[in-house]
Amino acid sequence: MTQEKKHTTGMPDVQSSADSRQIAINKVGIKSIRHPIVVADKAVGVQHTIANFNMYVGLPHNFKGTHMSRFVDILNTQSREISVENFPVMLQEMVQRLEAKTGHIEMSFPYFINKAAPVSGVESLMDYDVTLIGDIDGDDIRVALKVVVPVTSLCPCSKEISERGAHNQRSHVTVTVTSKDYIWIEEVVALIEKEASCEVYGLLKRPDEKYVTERAYDNPKFVEDMVRDVAARLNADKRLEAYCVESENFESIHNHSAYAMIEWTRPA
Numbered sequence: 004m005t006q007e008k009k010h011t012t013g014m015p016d017v018q019s020s021a022d023s024r025q026i027a028i029n030k031v032g033i034k035s036i037r038h039p040i041v042v043a044d045k046a047v048g049v050q051h052t053i054a055n056f057n058m059y060v061g062l063p064h065n066f067k068g069t070h071m072s073r074f075v076d077i078l079n080t081q082s083r084e085i086s087v088e089n090f091p092v093m094l095q096e097m098v099q100r101l102e103a104k105t106g107h108i109e110m111s112f113p114y115f116i117n118k119a120a121p122v123s124g125v126e127s128l129m130d131y132d133v134t135l136i137g138d139i140d141g142d143d144i145r146v147a148l149k150v151v152v153p154v155t156s157l158c159p160c161s162k163e164i165s166e167r168g169a170h171n172q173r174s175h176v177t178v179t180v181t182s183k184d185y186i187w188i189e190e191v192v193a194l195i196e197k198e199a200s201c202e203v204y205g206l207l208k209r210p211d212e213k214y215v216t217e218r219a220y221d222n223p224k225f226v227e228d229m230v231r232d233v234a235a236r237l238n239a240d241k242r243l244e245a246y247c248v249e250s251e252n253f254e255s256i257h258n259h260s261a262y263a264m265i266e267w268t269r270p271a
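So that you can map any letter, position 63 of the sequence shown is 66 in the numbering used here, and since no number is skipped, the others follow by simple counting.
Okay, structure coming up:
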């Protein structure tokens, strides 16, 4: 008998009762619970941030419910700090504690990188949305890294047909990678920013603003160009087992977005 069950001896455990409907549940658990985490920072060692967790397990057809409190208990375990490095261990602990075969965790958090403006060199922090996505099925554990990077895109067609200027917009390029080896968040961000019409900065002086405006004008890209150019760089990384690259351009002359996506899995 577990310590948890000893404390509740004599009280009914409804979740563990049998269910007669013969319908298994793919995912059951908790959504949108926040908790402090530690993330490896390439520049300064570690970065402390707050993550939003979604945690689920598969529920066999013969059980009525799962123990929701155990998910929270896992997050609050005092024997270790939650980090990117021990994320797979948390997946294993979750399925063991919930007596499940399959499990899924999404850990989403803001990640900050100090960036210098291109001309003045003035420094500011840029935030990026990062998610670790983990799945476990028996002994099989898969972890993917998802990074959303804001960039500038400038329309090649608008530049070609206009006598003065060209319309540009902020875009979100999202890359989700599965890798055999460790990949720094900074690596993914830098790869994406190099393929944009221009990267985005938190703080710009007037010489910087001139630079980024002209840089984007000299480097126009359709949404299709963006995903193809990022995909070409990802194809060259031998560490990757699979990736998905998406680009959404928040159009400045339309009330809709332009979107493109490429998925790839390394051949066996």
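We treat Cβ as the ideally placed atom computed from N, Cα and C, and that holds for glycine.
Here residue 37 carries a strand assignment [DSSP, helix/strand/coil]. Within the DSSP bridge table, the entry for residue 234 names no partner. If you look at residue 50, you'll find it in the beta strand (DSSP E) that goes 48-62. Cβ-Cβ separation between residue 111 and residue 41: approximately 15 Å, too far for a contact (criterion under 8 Å).
Using a Cβ distance threshold of 8 Å, residue 109 and residue 119 do not count as a contacting pair. Taking a C-beta distance under 8 Å as the contact criterion, residue 244 and residue 269 qualify as a contact pair. Take the alpha-carbon of residue 191 and the one of residue 67: they are about 42 Å apart.
In this structure, the CA atom of residue 91 is about 17 Å from the CA atom of residue 55. Linking residue 226 to residue 146 through their CA atoms gives a straight-line distance of about 28 Å. When the beta-carbon positions are compared, residue 254 and residue 263 stay at least 8 Å from each other. Apart from the 5 residues on each side of it in sequence, residue 37 sits with its Cβ closer than 8 Å to the Cβ of 53, 54, 55, 56 in its chain, given in chain order. Per DSSP, residue 158 is not a residue of any beta strand (DSSP E), being assigned neither H nor E. When only Cα atoms are considered, residue 148 and residue 166 end up about 43 Å apart. Runs of the beta strand (DSSP E) lying entirely within the segment 57-132, each at least 3 residues long, are 105-119 in chain order.
Separation of residue 233 and residue 116 (C-alpha to C-alpha, rounded to the nearest whole angstrom) is 20 Å.
Exclusion of the five residues before and after residue 256 leaves 170 as the residues of its chain whose Cβ lies within less than 7 Å of its Cβ. Contact annotation, residue 33 with residue 94: C-beta distance approximately 15 Å; criterion of less than 8 Å not satisfied. Residue 154 is a Cβ neighbour of residue 202, given a cutoff of 8 Å. As the crow flies, the alpha-carbon of residue 235 is around 12 Å from that of residue 266. Going by DSSP, residue 188 is part of the alpha helix (DSSP H) stretching over 188-197. Annotated three-state conformation of residue 256 is coil, per DSSP. Considering only 39, 103, 123, the residue with the shortest C-alpha distance to residue 206 is 123.
A check of alpha carbon separations from residue 173 across 194, 259, 184, 98 identifies 259 as the nearest.
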